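Everything on this sheet refers to the single structure shown next.
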DNA sequence: AGGGAGACCCTAACACTGCTAGGGATTCCC
DNA sequence: GGGAATCCCTAGCAGTGTTAGGGTCTCCCT
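Set out below in structure tokens:
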């Protein structure tokens with residue numbers, strides 16, 4: 001009993017077969033939809049089963065656990081990030097563009113993005129993304145060490161930034177949060193937190209986050225470039 | 231019935247009073263200990279109650295919900311990050327140092343750090359930290375806008391980096407993970423992921439993460455500095 | 001001194017969770 | 001025709017966060 005792929009334990013596998021009635025891809029997609037619509041806290045295996053028209057224990061024939069399902073689901077999200085071709089742009093422009101797109105993809109699925117920290121995005125799509133990023137860097141003349149650095153830094157930065165951005169009120173379920181924070185900061189005692197209250201408006205200004213994101217990313221990549229001349 | 235502080239809803243308050251038998255600080259500390267020892271998945275309100283010598287419903291007299299408890303707990307962790315005095319170092323050195331220390335504090339509590347993404351660290355200690363960082367920037371001559379940028383970028387970067395770092399195998403419960411990933415990357419088909427497999431060793435090399443962390447942070451702060459001359 | 005308010009913890013229970021054991025169909029191959 | 005494999009089911013376990021409501025103890029006020 002139970003099939004669930006002959007892969008490395010704990011990491012989603014990469015071989016797809018033809019499934020008859022209901023396959024893992026459909027389940028992952030339905031789970032993502034449910035997460036998008038109902039939010040993070042509302043998700044449960046039972047509700048997912050209802051959405052699929054089956055009973056919850058049947059899910060466990062397709063998927064080893066809720067956690068594995070989440071791995072699958074994250075890979076679906078990561079797979080939505082386009083990998084631009086080798087056009088005329090410089091390596092830096094391409095990676096900044098990729099970072100911006102990945103961020104957009106994550107922000108489009110806030111509830112799913114909350115699952116990402118604590119996980120390694122090494123599903124098939126995640127691997128493809130990793131290979132692409134590292135390829136761009138190696139092609140640009142970085143050695144293996146710095147290419148590995150660059151990939152991890154880019155990934156960590158984007159995931160971290162998007163995650164915190166969502167915490168600050170991005171997404172439907174957290175949208176009220178932003179107003180709360182704005183009010184909270186406004187009511188803070190200025191004598192106790194003089195600097196924070198002075199710049200409070202800048203923290204909650206919604207537009208401009210993209211600009212901030214890009215600033216940091218450019219800084220990281222620029223520093224990476226600087227390090228190879230040493 | 232129920233007291234739980236007259237604060238802004240959803241965000242931990244900042245006024246401490248004298249509590250008789252068991253106060254929120256003790257509960258938060260015990261929760262942190264439990265998380266450190268047993269790991270993220272093993273935590274529950276009932277186990278926390280046992281550790282405190284009471285029954286679980288009694289916790290709800292002190293704390294509104296598990297979520298609020300987590301906010302408290304995170305502020306305890308954040309509070310462990312020292313804020314260096316205004317010594318002779320430049321603003322950049324001081325902020326890099328602060329980032330390194332904050333990262334260390336987070337890595338020392340991996341299970342608790344997994345709670346941080348999706349949350350805004352605006353407990354009393356988090357506010358103190360924010361005010362300090364922004365203060366350093368403003369004192370260095372940055373305007374309000376860039377100071378706000380800098381604080382968010384620093385915070386997002388550190389939290390994101392530490393979170394992913396933990397996912398990659400830092401911490402007791404995830405330590406086996408690193409070996410898994412190493413083996414997983416080694417067994418990957420080189421024709422499908424040529425670049426990734428070429429640099430696989432660099433990704434799982436444990437030492438050097440501090441170096442990578444610092445590289446990115448220096449890059450971000452340097453870019454921030456560059457932007458003010460425009 | 002007596003009464004009341006509040007602090008602090010309890011028992012009982014609700015609605016829900018992830019997940020397993022084990023059993024029926026249906027399909028396909030030998 | 002027999003057997004294996006696929007795919008879903010019912011029943012149920014052990015555990016979760018949380019609420020309702022009731023006790024007891026302490027302290028303050030009159």
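Residue numbers (my numbering), protein chains in the order written: chain A, 1 to 230; chain B, 231 to 460. For each residue, glycine too, the CB sits at the ideal point set by N, CA and C. These figures come from a predicted structure and were not determined experimentally.
Check                                                                                                                                            : Outcome
The segment 72–83 of chain A contacting the segment 92–112 of chain A, beta-carbon criterion three pairs below 8 Å                               : yes
Touching by the beta-carbon criterion (3+ pairs, under 8 Å), the segment 392–401 of chain B and the segment 112–127 of chain A                   : yes
Contact with chain A by residue 355 (chain B), beta-carbon distance below 8 Å                                                                    : no
Bounding residues of the alpha helix (DSSP H) (the contiguous stretch that carries residue 109 (chain A))                                        : That residue, residue 109 (chain A), is in no alpha helix (DSSP H); it is neither H nor E in DSSP.
Cβ contact (3+ pairs, closer than 8 Å) linking the segment 133–143 of chain A and the segment 439–459 of chain B                                 : no
From B:282, B:305, B:451, B:294, residue whose alpha carbon lies closest to that of residue 256 (chain B)                                        : B:282
Whether residue 73 (chain A) touches residue 31 (chain A) by CB criterion (8 Å)                                                                  : yes
Beta-carbon neighbours of residue 377 (chain B), restricted to chain A and to distances below 9 Å                                                : 195, 198, 199, 202
Reduced DSSP category for residue 345 (chain B) - H, G, I as helix; E, B as strand; rest coil                                                    : coil
Cβ shell of residue 175 (chain A) (< 8 Å), same chain only, five flanking positions each side left out                                           : 169
Presumed contact (8 Å Cβ cut-off) between residue 202 (chain A) and residue 380 (chain B), rounded CB distance                                   : Not a contact, Cβ separation roughly 10 Å.
Buried versus exposed call for residue 87 (chain A) [16 or more other C-beta atoms within 10 Å across all chains shown]                          : exposed
Residue from B:320, B:319, B:322, B:446 with nearest C-alpha to residue 389 (chain B)                                                            : B:446
Within chain B, partners of residue 60 (chain A) - CB distance below 9 Å                                                                         : Chain B residues near residue 60 (chain A): none, gap ~18 Å exceeds 9 Å.
Residues that residue 222 (chain A) contacts on chain B, provided the C-beta gap is smaller than 8 Å                                             : 449, 452, 453
Rounded C-alpha distance that separates residue 114 (chain A) from residue 344 (chain B)                                                         : 10 Å
Where the segment 58–88 of chain A meets chain B: residues whose CB sits under 8 Å from a CB there                                               : none
Residues of the segment 358–375 of chain B with Cβ closer than 7 Å to any Cβ of chain A, in chain order                                          : 360, 361, 364, 365, 368, 374, 375
Backbone secondary structure at residue 191 (chain A) - three-state DSSP                                                                         : coil
Three-state class that DSSP yields for residue 169 (chain A) in the structure shown                                                              : coil
Residue-level contact to chain B via CB, residue 167 (chain A), 8 Å cutoff                                                                       : yes
Among A:192, A:69, A:102, A:229, the one whose alpha carbon lies nearest that of residue 28 (chain A)                                            : A:69
Whole-Å CB distance - residue 218 (chain A) paired with residue 96 (chain A), under 8 Å assumed                                                  : 6 Å
CB contact check: residue 11 (chain A) to chain B, cutoff 8 Å                                                                                    : No answer about residue 11 (chain A) holds up, because its pLDDT of 39 lies below 50 and its placement is not dependable.
In chain order, each alpha helix (DSSP H) run of at least 4 residues that lies wholly inside the segment 295–332 of chain B                      : 296–309
Rounded C-alpha distance that separates residue 177 (chain A) from residue 419 (chain B)                                                         : 45 Å
First through last residue of the alpha helix (DSSP H) which encompasses residue 56 (chain A)                                                    : 56–62
Proximity test, Cβ basis, 8 Å: residue 264 (chain B) and chain A                                                                                 : no
Residue 90 (chain A) versus A:39, A:229, A:225, residue with shortest Cα-Cα distance                                                             : A:225
Chain-order list of residues whose beta-carbon lies under 6 Å from that of residue 426 (chain B) (same chain, five-residue window excluded)      : none
Residue 389 (chain B) in three-state terms, based on DSSP                                                                                        : helix
Contact list for residue 153 (chain A) against chain B, beta-carbon separation under 9 Å                                                         : 391, 442, 443, 445, 446, 449
Whole-angstrom distance between residue 116 (chain A) and residue 48 (chain A), CA atom to CA atom                                               : 19 Å
Contacts around residue 246 (chain B), its chain only, beta-carbon distance under 7 Å, and the 5 residues preceding and following it disregarded : Since pLDDT at residue 246 (chain B) reaches only 36, below the 50 mark, its modelled position is unreliable, and the value read off the structure follows with that caveat. No residues qualify anywhere along the chain.
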